Amino acid sequence: MMKKLLSGCSLAMAVMLSAPAAQAVPVDLELILATDTSGSVDGTDFALRRSGVEAAFRSAAVISAIEGGAIGSIAVALWDFGTGVGVAVDWFRISNATEANAFADAVAAAGRLDGGGDGQANMLRQALISVNGNGFEGTRKVVDINSEGVQSGEGCVFNSPDCAAVRGARDAFLAGGGTAVNAIWMNDRDFFGLDASDAVNAFEYGTTSVIGGTGAFQVFAETNADFVSAIQNKLIREITPVPEPATLLLASLGLMGVAFAGRRRSAKA
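Letter by letter, the sequence shown follows residues -24 to -1, 1 to 245 of mature numbering (1 follows the signal peptide of the UniProt record, and there is no 0).
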């Protein structure tokens, strides 16, 4: 599949030209899987991570989670990002095993956007345009970032967890209709990870600058082998989110009401 490299203007134009006139297709989730393909990610690491995404969408657990949603379908896109943004697999509706495997086939066949810096802020800006013009209407709109470092450029530095450019792009995504920005972080030698010796703590960076929104979360994979299971578990969590506390409270009150009514009927009998 030919990869499309899109600037902010060209992506906006592509959305306007390709958006169907018909009503948007309802789905449980619109999900962008955004993979860091900057210069620090070598070919072996890239291939292993790509195969992890492919395997996840072939797994029975992920397919079951998709089919078990209120609508029973999701829309997902796979992006690569460095300095620019590359659409590896464009928006794809999945509602059953056949469609999930077709998406996995497309992932396996997709090329790579190479080089440049780690442009997380630019990617999030593109994501806002895309989720609001892709022909789908998701109950939730989520970006899932996979990276092994801090944003490059736009005033951000490799050894600081505070990046105003990414924070601003994240906040704009959420204010513009996005539900959450999640992350799966990878270890990068002594630069980025969870060790005390790392220049930046991955979770501190994520909490400070990247993740946000309803139910937002982040996970860490120490090795590429860890990534395979981590991405599958993360997808299941994103597809089937835990109910919000208010929802749980209402459900509990409803059950209490049923029980109380039952006791009253028993007393009258």
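Here a beta-carbon is modelled for each residue, glycine too, at the ideal position from N, C-alpha and C.
Only a predicted model underlies this, so the values are computations on that prediction, with no experimental measurement involved.
Give a yes or no on whether the C-beta atoms belonging to residue i and residue j are separated by under 8 Å.
i      : j       : result
Gly154 : Gly189  : yes
Trp161 : Ala178  : yes
Ile39  : Val3    : no
Leu5   : Ile212  : no
Glu124 : Asn158  : no
Glu75  : Pro137  : no
Trp67  : Thr11   : no
Ile207 : Ala32   : yes
Gly92  : Gly15   : yes
Asn98  : Val126  : no
Thr20  : Phe57   : no
Leu104 : Phe168  : no
Ala51  : Asn108  : no
Phe112 : Ala(-1) : yes
Val83  : Val65   : yes
Ser49  : Arg69   : yes
Pro217 : Gly182  : no
What first and last residue would you give for the alpha helix (DSSP H) that runs through residue i?
i       : result
Arg26   : 19 to 34
Ala82   : 73 to 85
Glu130  : Careful: Glu130 lies outside any alpha helix (DSSP H) and carries neither H nor E.
Ala(-1) : Run containing Ala(-1): none; DSSP gives neither H nor E here.
Arg101  : 96 to 107
Exposed or buried, what is residue i when buried is set at 16 or more other beta-carbons lying within 10 Å of its beta-carbon?
i           : result
Val29       : buried
Ala36       : exposed
Asp166      : exposed
residue 257 : Since the first residue shown for the chain is -24 and the last is 245, residue 257 is missing from the structure and cannot be characterised.
Val133      : exposed
Ser106      : buried
Asn72       : exposed
Ser205      : exposed
Leu170      : exposed
Ala156      : buried
Ala145      : buried
Leu100      : buried
Gly87       : exposed
Ala41       : buried
Val176      : buried
Tell me which residue opens and which closes the beta strand (DSSP E) that residue i is part of.
i      : result
Gly114 : 112 to 123
Glu214 : It is not in any beta strand (DSSP E) - Glu214 instead sits in the alpha helix (DSSP H) that spans 200 to 215.
Val195 : 194 to 197
Arg69  : 61 to 70
Val186 : Here Val186 belongs to no beta strand (DSSP E), and DSSP marks it neither H nor E.
Ile50  : 50 to 57
Measuring alpha carbon to alpha carbon, tell me which of the options ends up nearest residue i.
i      : options                        : result
Gly131 : Asn122, Ala141, Ala73, Pro137  : Ala141
Arg26  : Phe112, Leu89, Glu43           : Leu89
Ala80  : Ala53, Glu43, Lys117           : Ala53
Val119 : Phe193, Gly60, Thr59, Gly111   : Phe193
Gly129 : Thr59, Asp18, Ala51            : Thr59
Asn200 : Ala23, Gln(-2), Leu7           : Ala23
Gly45  : Ser185, Phe203, Gly114, Cys139 : Gly114
Ile121 : Ala78, Asp174, Ser185          : Ser185
Gln102 : Asp202, Leu9, Phe203, Lys210   : Leu9
Leu7   : Arg143, Asp18, Lys117          : Lys117
Original post:
Where in the stretch 138 to 174 do unbroken runs of the beta strand (DSSP E), each at least 3 residues long, occur, reported from the N-terminal end onward?
Top reply: Correct list: 156 to 162.
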